[in-house]
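**Student:** Sequences listed follow chains R and H, in order.
FYI, in the working numbering the residues of the first sequence are 4 to 189.
FYI, in the working numbering the residues of the second sequence are 4 to 189.
C-beta: ideal position from N, C-alpha, C; glycine also.
Number of protein chains: 2
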Amino acid sequence: MDTRSAILEHAERAARQKGHNGFSFGHIARDVGIRKASMFHHFPTKPDLLVAVFARYSQRFYGWFDGMDQSKANGATRLAAYLAETRATIEDGESICLSIALCVDRDALNEQLIDDVKEFQARNMIWLTEAFARGQVDGSVSGISDPESEAMACLAQVDGAIVMSRLHKDTSYFDRALAQLRLRLS
Amino acid sequence: MDTRSAILEHAERAARQKGHNGFSFGHIARDVGIRKASMFHHFPTKPDLLVAVFARYSQRFYGWFDGMDQSKANGATRLAAYLAETRATIEDGESICLSIALCVDRDALNEQLIDDVKEFQARNMIWLTEAFARGQVDGSVSGISDPESEAMACLAQVDGAIVMSRLHKDTSYFDRALAQLRLRLS
DNA sequence: GTCTATAATTAGATAGAC
DNA sequence: GTCTATCTAATTATAGAC
Chain R
4 MDTRSAILEH
14 AERAARQKGH
24 NGFSFGHIAR
34 DVGIRKASMF
44 HHFPTKPDLL
54 VAVFARYSQR
64 FYGWFDGMDQ
74 SKANGATRLA
84 AYLAETRATI
94 EDGESICLSI
104 ALCVDRDALN
114 EQLIDDVKEF
124 QARNMIWLTE
134 AFARGQVDGS
144 VSGISDPESE
154 AMACLAQVDG
164 AIVMSRLHKD
174 TSYFDRALAQ
184 LRLRLS
Chain H
4 MDTRSAILEH
14 AERAARQKGH
24 NGFSFGHIAR
34 DVGIRKASMF
44 HHFPTKPDLL
54 VAVFARYSQR
64 FYGWFDGMDQ
74 SKANGATRLA
84 AYLAETRATI
94 EDGESICLSI
104 ALCVDRDALN
114 EQLIDDVKEF
124 QARNMIWLTE
134 AFARGQVDGS
144 VSGISDPESE
154 AMACLAQVDG
164 AIVMSRLHKD
174 TSYFDRALAQ
184 LRLRLS
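#1: So, using beta-carbon positions, are R/G163 and H/A159 closer together than 8 Å?
#2: Please report the straight-line C-alpha distance between H/G138 and R/V166, rounded to a whole angstrom.
#3: Would you be able to state if there are at least three C-beta pairs under 8 Å between the segment 168 to 181 of chain R and the segment 105 to 122 of chain R?
#4: Could you check which residue in H/D51, H/R126, H/Y60, H/E88 has the C-alpha nearest to that of H/R19?
#5: Can you have a look at R/K39 and say buried or exposed, based on whether 16 or more other CB atoms are within 10 angstroms of its CB?
#6: Apart from the five residues just before and just after H/S168, which ones in its own chain have a Cβ nearer than 7 Å to its Cβ?
#7: Terminal residues of the continuous alpha helix (DSSP H) containing H/Q73?
#8: If distances are taken between C-alpha atoms only, which option among R/V161, R/S8, R/H13, R/G36 comes closest to R/S102?
#9: Tell me which residues share the same chain as R/S98 and place their Cβ nearer than 8 Å to its Cβ, disregarding the 5 neighbours each side in the sequence.
#10: For the segment 144 to 160 of chain R against the segment 179 to 186 of chain H, do three or more pairs of beta-carbon atoms, one drawn from each stretch, fall closer than 8 Å, so that the two count as touching?
#11: Quick one: which chain R residues come within Cβ less than 9 Å of H/E153?
#12: Helix, strand or coil for R/L52 per DSSP?
#13: Would a C-beta distance cut-off of 8 Å place R/V35 and R/G78 closer than the cut-off?
#14: Which residues in chain R have a C-beta closer than 9 Å to the C-beta of H/H171? List them in chain order.
#15: For R/L112, which of helix, strand or coil comes out of DSSP?
#16: Distance, Cα to Cα, H/F135 vs H/G146?
#17: How far does the alpha helix (DSSP H) with R/M42 in it reach, from first residue to last?
#18: Whole angstroms are fine: how far does the CA of H/L184 sit from the CA of H/Q124?
#19: What is the rounded straight-line gap between the Cα of H/T80 and the Cα of H/V140?
#20: Any beta carbon from chain H within less than 8 Å of R/V35's own beta carbon?
#21: Checking contacts by CB at 8 Å: is R/A164 closer than that to chain H?
#22: Just to confirm, is the Cβ distance from R/V56 to R/L11 under 8 Å?
#23: Does the separation of the CB atoms of H/L53 and H/H23 fall below 8 Å?
#24: Any idea which residues DSSP pairs R/V144 with across the strands?
#25: Can you say whether R/P150 is buried or exposed, counting buried as having 16 or more other CB atoms within 10 angstroms of its CB?
#26: Pop quiz: H/H45 and H/R7 are said to be a contact at Cβ under 8 Å. What is the actual Cβ separation, rounded to whole angstroms?
#27: Residues in its own chain within less than 7 Å of H/I31 by CB, not counting five upstream and five downstream?
#28: Taking H/A83 and H/L188 to be in contact with their CB atoms under 8 Å, please state how far apart those CB atoms are, rounded to whole angstroms.
#29: Please go through the same chain and pick out, in chain order, the residues whose beta-carbon is closer than 8 Å to the beta-carbon of H/D196, but skip the five residues on each side of it.
#30: Run down chain H in chain order and give the residues with a C-beta less than 8 Å from the C-beta of R/A104.
#31: Of the residues H/Q115, H/N113, H/D72, which one's Cα is nearest the Cα of H/I129?
#32: Whole angstroms are fine: how far does the CA of R/F64 sit from the CA of R/N127?
#33: Take the Cβ of R/G142 as the centre, count every other Cβ of all protein chains shown within 10 Å, and call the residue buried at 16 or more, exposed below.
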């Protein structure tokens with residue numbers, strides 16, 4: 004792996020485990036195995052690094068959305084896959100979603116990064132709304148009144164479930180927080 | 004107000020706006036209007052300060068729980084009051100719940116503080132479970148199968164809603180994320 | 001209880017050699 | 001692209017005077 008990618012990889016891990024203010028160029032350099040000064044060749048400032056890390060992170064999700072959109076899966080299958088994907092990214096409660104970490108340290112971010120996180124959340128909302136709408140039409144998800152309200156509630160529930168799992172370093176909290184929603188997927 | 008209380012007040016605000024790693028003794032000293040060195044007379048270390056801040060924060064909630072428990076309010080009224088109380092504490096999306104901020108910066112906390120946050124979450128769960136159970140019995144909350152699952156989902160949903168509000172600095176995100184739950188309260 | 005002064009460490013960089 | 005060396009500012013403290 005090239006150095007730039009190694010930096011991005013370790014920086015994402017660090018941000019998701021310790022938050023934006025919880026790691027430094029020095030830490031990442033040590034992880035990657037280079038000197039601190041060499042970091043600045045790849046990323047001139049910490050904001051630059053963060054923007055690149057989040058772009059890479061969000062692109063993975065956007066790619067996943069696109070892949071799913073091309074499948075013929077029904078609403079319930081899509082939502083179940085979303086929950087499984089989200090659960091997988093937090094490992095054993097060691098990490099959280101990068102966008103949550105950045106929300107908490109919001110005051111330290113530059114405007115571009117805040118906009119990027121907002122867009123990430125908006126695209127999650129759009130995808131979830133579409134999945135709930137599909138589940139309403141095809142009958143695979145029970146008890147839906149308004150797909151957009153469902154999407155908003157679901158996104159919040161997932162984010163909160165991730166935070167709870169992080170506190171206990173235990174993914175079963177994620178499962179219990181989402182148990183009710185899962186029961187509605189046939 | 005005495006100096007110690009002023010320090011606790013400003014430190015809580017800072018932790019909830021910038022996260023555990025986002026503020027220093029220097030910042031708080033400036034806010035309070037004393038010199039940095041004077042901070043250490045009141046709180047020898049940053050972990051000591053954080054434990055005291057969280058104790059004060061959680062006690063306010065525990066007191067609120069006790070007050071509510073002595074009322075004759077039905078399940079729905081209790082849950083609506085919980086949502087209103089939570090919403091009020093985040094102001095205009097400028098702050099988040101202290102326990103969320105600490106969860107994200109979990110790696111920087113000492114063991115006592117982690118245990119304190121766990122207890123806080125457990126007590127929220129107990130109170131919410133009781134409120135949902137009440138709502139199930141008195142019929143004031145619709146569609147309850149298992150009160151404990153409901154409590155877990157609700158707590159996650161509230162936490163996620165707070166994070167979303169923080170990103171946009173807009174409490175309407177909180178309202179929209181909780182709209183469905185509110186509709187179930189009669 | 002608050003202050004000045006200071007120390008050790010770290011963070012975010014920059015300059016310039018290789 | 002990576003390194004050593006260096007810089008400035010901030011952070012978490014400690015010592016000791018008032």
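**Tutor:** If we stick to the structure as given:
#1: yes
#2: 27 Å
#3: no
#4: H/Y60
#5: exposed
#6: I93, G96, T174, Y176, F177
#7: Note, H/Q73: premise wrong, no alpha helix (DSSP H); not H, not E.
#8: R/V161
#9: R16, R19, Q20, T92, R169
#10: yes
#11: Q183
#12: helix
#13: no
#14: K121, Q124
#15: coil
#16: 10 Å
#17: 39 to 45
#18: 20 Å
#19: 14 Å
#20: no
#21: yes
#22: yes
#23: yes
#24: R/L188
#25: buried
#26: 5 Å
#27: I10, H13, A14, A17, M42
#28: 5 Å
#29: Given that chain H is displayed from residue 4 to residue 189, the structure contains no residue 196 of chain H and the question cannot be resolved.
#30: V107
#31: H/D72
#32: 9 Å
#33: exposed
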